[in-house]
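Numbering of the sequence shown is given in the working numbering, commencing with residue 1 and proceeding in unit increments. Heads up, the beta-carbon is just placed ideally off N, CA and C, and yes, glycines get one too. Just so you know, these numbers come straight off a predicted model, no measurement behind them. Single-structure report; data block below.
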Amino acid sequence: MEQVMKPWKKKTIENRRSVLKLEIDYELATLYEALELNDVKKIRETKTKLKKLQEEMSSLQEVK
């Protein structure tokens, strides 16, 4: 059973990393726009989201 689960788990982690990269790219674009508009509230919200995404990405890097 472990032989079946290991490749599946690895693929799931790889998929989540790909999605996280897209989410981070989107949030960086949002942050850039907020900085251009000097939207302090949006800047704060986006930075918070980016921090959470970065933490999740770091935790996935630890799982190999």
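query	result
Opening and closing residue of the alpha helix (DSSP H) in which V40 lies	40-62
Inter-residue Cα distance where the pair is S18 and E2	24 Å
CA-to-CA distance, L22 to Q54, given in whole angstroms	12 Å
L28 beta carbon less than 8 Å from that of M57	no
R14 to L50 span [Cα, whole Å]	For the sequence presented, residue 14 should be read as Glu rather than Arg. Roughly 19 Å separates the two Cα atoms.
Spatial distance of L37 from T30 (CA atoms)	11 Å
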